[in-house]
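Asker:
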Amino acid sequence: MKESLERALRKAARELLANGETMPEIRLTRPKLREHGDYASNLALQLSRQLGKPPRQVAEDLLARVVWPQVVASAEIAGPGFINIHLRQASETQVIWDVLRQGHTYGCRSQQERQKICLEFVSANPTGPMHVGHGRGAVVGDVLASVLQAVGHEVTREYYINDAGAQIGVLADSVWLRMRELQGEVIDFPESAYPGEYVIDIARTLLACRPYAEWQEMDADLRREIIGQAAVDANMKVIREDLAALGIEFDVFFSERELHRSGKVLAMIEELKSRGLVYTGILPPPKGKEVEDYRPVEQLLFRATDFGDDCDRPLLKQDGSPTYFAADIAYHHDKHLRGFDRMIDVWGADHGGYVARVQAAVRALTGRVGQPDILLVQMVNLTRDGKPVRMSKRAGTFVTLREVVDEVGRDAVRFNFMTRRAESQLDFDLAKAKEQSDENPVYYVQYAHARICAILRKAADLGISPGKEGMDLSCLASHEEKRLVKALLEYPEMLEKAAQRLEPYRVATYAMRLAADFHSFYHKYRVITEHKKETEARLALIQATRQVLSNALGILGVDAPERM
RNA sequence: GCGCGGUUAGCUCAGUUGGAUAGAGCGCAAGCCUCCGAAGCUUGAGGUCACAGGUUCGAAUCCUGUACCGCGCACCA
Numbered sequence: 040m041k042e043s044l045e046r047a048l049r050k051a052a053r054e055l056l057a058n059g060e061t062m063p064e065i066r067l068t069r070p071k072l073r074e075h076g077d078y079a080s081n082l083a084l085q086l087s088r089q090l091g092k093p094p095r096q097v098a099e100d101l102l103a104r105v106v107w108p109q110v111v112a113s114a115e116i117a118g119p120g121f122i123n124i125h126l127r128q129a130s131e132t133q134v135i136w137d138v139l140r141q142g143h144t145y146g147c148r149s150q151q152e153r154q155k156i157c158l159e160f161v162s163a164n165p166t167g168p169m170h171v172g173h174g175r176g177a178v179v180g181d182v183l184a185s186v187l188q189a190v191g192h193e194v195t196r197e198y199y200i201n202d203a204g205a206q207i208g209v210l211a212d213s214v215w216l217r218m219r220e221l222q223g224e225v226i227d228f229p230e231s232a233y234p235g236e237y238v239i240d241i242a243r244t245l246l247a248c249r250p251y252a253e254w255q256e257m258d259a260d261l262r263r264e265i266i267g268q269a270a271v272d273a274n275m276k277v278i279r280e281d282l283a284a285l286g287i288e289f290d291v292f293f294s295e296r297e298l299h300r301s302g303k304v305l306a307m308i309e310e311l312k313s314r315g316l317v318y319t320g321i322l323p324p325p326k327g328k329e330v331e332d333y334r335p336v337e338q339l340l341f342r343a344t345d346f347g348d349d350c351d352r353p354l355l356k357q358d359g360s361p362t363y364f365a366a367d368i369a370y371h372h373d374k375h376l377r378g379f380d381r382m383i384d385v386w387g388a389d390h391g392g393y394v395a396r397v398q399a400a401v402r403a404l405t406g407r408v409g410q411p412d413i414l415l416v417q418m419v420n421l422t423r424d425g426k427p428v429r430m431s432k433r434a435g436t437f438v439t440l441r442e443v444v445d446e447v448g449r450d451a452v453r454f455n456f457m458t459r460r461a462e463s464q465l466d467f468d469l470a471k472a473k474e475q476s477d478e479n480p481v482y483y484v485q486y487a488h489a490r491i492c493a494i495l496r497k498a499a500d501l502g503i504s505p506g507k508e509g510m511d512l513s514c515l516a517s518h519e520e521k522r523l524v525k526a527l528l529e530y531p532e533m534l535e536k537a538a539q540r541l542e543p544y545r546v547a548t549y550a551m552r553l554a555a556d557f558h559s560f561y562h563k564y565r566v567i568t569e570h571k572k573e574t575e576a577r578l579a580l581i582q583a584t585r586q587v588l589s590n591a592l593g594i595l596g597v598d599a600p601e602r603m
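Once you know that position 306 of the first sequence is 345 in the working numbering, the rest is easy, because the numbers rise by one and skip nothing.
(1) How about Y370 and F289: do their beta carbons lie closer than 7 Å?
(2) Below 7 Å between beta carbons: does that hold for L608 and S80?
(3) Take every Cβ of the region 569-580, pair it with every Cβ of the region 509-524, and state whether three or more of those distances are shorter than 8 Å.
(4) Exposed or buried, which one is V179 when buried takes at least 16 other CB atoms within 10 Å?
(5) What residue does the alpha helix (DSSP H) around C248 start on, and which one ends it?
(6) If we count the other Cβ atoms within 10 Å of its Cβ and call it buried at 16 or more, is P108 buried or exposed?
(7) Whose C-alpha, out of K326, R342 and L322, is nearest the C-alpha of I308?
(8) Does DSSP classify A461 as helix, strand or coil?
(9) P165: buried (16+ other C-beta within 10 angstroms of its C-beta) or exposed?
(10) Considering only the alpha carbon of each residue, which of Q485, R263 and Y333 lies closest to Q357?
(11) Give the straight-line distance between the Cα atoms of E337 and C350, rounded to the nearest whole angstrom.
(12) How about A189 and C157: are their beta carbons less than 7 Å apart?
(13) What residues in its chain sit with their C-beta under 7 Å from that of P93, if we drop five residues either side in the sequence?
(14) Output the distance between the C-alpha atoms of A365 and E310, rounded to the nearest integer angstrom.
(15) Classify G315 as buried or exposed, calling it buried when 16 or more other Cβ atoms lie within 10 Å of its own Cβ.
(16) In terms of alpha-carbon separation, which member of V597, P168 and G509 lies closest to R140?
(17) Got a sec, what are the start and stop residues for the beta strand (DSSP E) R196 sits in?
(18) Would you kindly check if the distance between the Cβ of V209 and the Cβ of S231 is under 7 Å?
(19) Could you give the first and the last residue of the continuous alpha helix (DSSP H) run that contains G118?
(20) Looking only at its chain, what residues have a beta carbon closer than 6 Å to the beta carbon of P531, apart from the 5 residues adjacent to it on each side?
(21) Roughly how many whole angstroms lie between the Cα atoms of L501 and L495?
(22) Classify G146 as helix, strand or coil using the three-state DSSP reduction.
(23) Rounding to the nearest angstrom, what Cα-Cα distance links A52 and S130 in this structure?
(24) State the start and end residues of the unbroken beta strand (DSSP E) segment that holds A79.
(25) Over the uninterrupted alpha helix (DSSP H) stretch that includes L578, give me the two end residues.
(26) Note the first and the last residue of the continuous alpha helix (DSSP H) segment covering V401.
(27) Just the C-alpha distance for D240 and Q255, rounded to the nearest angstrom, thanks.
(28) Just to confirm, are L595 and V546 a CB contact at a threshold of 7 Å?
(29) Only counting runs of 4 or more residues, tell me where the alpha helix (DSSP H) segments fall wholly within the region 82-119, in order along the chain.
(30) For R217, is the classification buried or exposed, using 16 other Cβ atoms within 10 angstroms of its Cβ as the cut-off for buried?
(31) Using 7 Å as the threshold, is the C-beta distance between R602 and I491 below it?
(32) For the 8 Å Cβ check, are there 3 or more pairs between the region 299-307 and the region 454-466?
(33) Evaluate T568 with the Cβ neighbour count: other Cβ atoms within 10 Å of its Cβ, from every protein chain shown; 16 or more gives buried, anything less gives exposed.
(34) Would you kindly work out how many angstroms separate the C-alpha atoms of L465 and A451, rounded to a whole number?
(35) Classify T439 as helix, strand or coil using the three-state DSSP reduction.
(36) On the DSSP letters alone, give me the boundaries of the alpha helix (DSSP H) that D418 sits inside.
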């Protein structure tokens, strides 16, 4: 519908412009005031300068030439030169049948330019349970994936497991110390050791499956290796369970360790070498920041500055092993080789300093600019009754994601994480999220859905069913009904924009608005009345509303209950 | 010092990539259930869009600078 209007305007504008002149992007907006019509265009104002005529004159020229599609009732010039378009009432209510016919697929598209997208998110280190910040990234990534799928893309949800490197060694050592402690030894735990309870659990499990004496006799390096792997497996198991509790499943778990073992990291470094993109050099100390143990060392460096980064980056550590960065380059290179049209990464904001170098590396290896797209999800401030909850990892007292999900529920957690843009910080109050109060938008939306279901049940009891496609809906003429219809019409537009701009939170704010429009309508008008036609029309309207609420909640991964 | 993100009502946040009179929730004030679900609705008060310049028909939105807040800044991940 929107496209057909845009096409008509574009054609008229083409006639006004001389050959070769560039056409501004045609953008129809939904005016805030209903007097301004159903859609509005600022095209005349945009063209005014090019044509050297006042905007209102341009608007008149446009209107004289444009051939509107059937759905347009009238179009007029307003204000400085806006073109306000009014649709035929019947053409808007048509959306009700579209919704009811298409059901849970309403709003989805079968994209002509379907992309294969690799969406990497969470990727929390397997050194312990996830915290609330990971949870936000998890929900943002999961919903974004659903949005992209809805508009017709093929999305792979992928988790990169950092199961290699020094941190795994530290984890293994921490577990080993706990194992010895469980055997009665008095241990002085170093600052660096992981403090959490879960470390003890892992230690206990390992002692149960192999006698302590065997562990003692084992070669130290081998023991470290085995314990490290076991600890990673145990942590990943917990992480998967916690993600499942949030309703999140991945298609691929990609292991960094496998990446090293398969030789892909070294191969990638060779590839860069052969292209002359690496050199051996010494990095200067970082400016403005104290690095107490800085020592000038010769390292193998990638020429990131040639590709937009502001500093060259090391590929090998002092001991000759690859850096995390090197593995990450190989990982993204691997994604590229697997044939994805597009890569999207969802990271915590604390990794922001990393964006330029990864994009630089991808560009160097594949020639693709601006890939991967990276969403930086800002921090979550966790509070309870307004007081900050300490999240000290050192003390091992941080609140885990699982505890929060268990306490406030999956739906409330997911919805609350989606109510704000990813790049603004999020306050999350445990007490309020649980309260089921006005502060909690998830219940507001779910309530609207349950309420509609209650009305539909009542109608069914009375033997009344919603109208059938083709019936006259002109009685849906009140302000509230029109708004509701308009909101239904906007659902596909909203999804489109959310996908295009990688802004999944739009689905949540849309759901709140749709629920609000329904509640307003509900309070002003009764659905089931003496008038048969009116009743049937309104039943069709609320059934369509229920469907769209359900679709939006489905994308959010939130339940759409029939009763509450 | 540099980079990234942020700054909009008392609080928490939207604002359709530069459009018409800047919106919503909470809180505050006042109303609404004999009636399909009050976990809801209606009305009101509340704004120098951090500040200063600039760009143009037009700026919360774009450019420059400043001030605060958050995150990050070799050989960790």
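The C-beta atom is built at its ideal place from N, Cα and C for all residues, glycine as well.
From a predicted model like this one, the values you see are computed outputs, not experimental measurements.
Answerer: Based on what the coordinates show:
(1) no
(2) There is no way to answer for residue 608, as the model of the chain reaches only from 40 to 603.
(3) Three or more beta-carbon pairs separated by less than 8 Å link the region 569-580 to the region 509-524, which places the two stretches in contact.
(4) A residue is called buried when at least 16 other Cβ atoms come within 10 angstroms of its Cβ; V179 meets this threshold and is buried.
(5) Here the alpha helix (DSSP H) through C248 covers E236 to C248.
(6) exposed
(7) R342
(8) coil
(9) buried
(10) Y333
(11) 15 Å
(12) no
(13) Cβ neighbours of P93 within its own chain (closer than 7 Å, five residues either side excluded): S87.
(14) Going from the Cα of A365 to the Cα of E310 covers about 12 Å.
(15) Exposed, by the Cβ-count rule.
(16) G509
(17) Note, R196: beta strand (DSSP E), E193 to I200.
(18) yes
(19) Taken as a continuous stretch (DSSP letters only), G118 belongs to no alpha helix (DSSP H), as it is neither H nor E.
(20) G146
(21) 10 Å
(22) coil
(23) 25 Å
(24) From DSSP, the beta strand (DSSP E) with A79 extends over Y78 to S80.
(25) K571 to L595
(26) V394 to T405
(27) Rounded to the nearest angstrom, the two C-alpha atoms are 19 Å apart.
(28) yes
(29) Taking only runs of at least 4 residues, the alpha helix (DSSP H) segments lying wholly in the region 82-119 are 82-90 and 94-104.
(30) buried
(31) Going by C-beta atoms, R602 is not nearer than 7 Å to I491.
(32) no
(33) exposed
(34) Straight-line spacing of the CA atoms in L465 and A451 works out to 14 Å.
(35) strand
(36) Checking the sequence, you will find Met at residue 418 rather than Asp. Unbroken run through M418: none, as it is neither H nor E.
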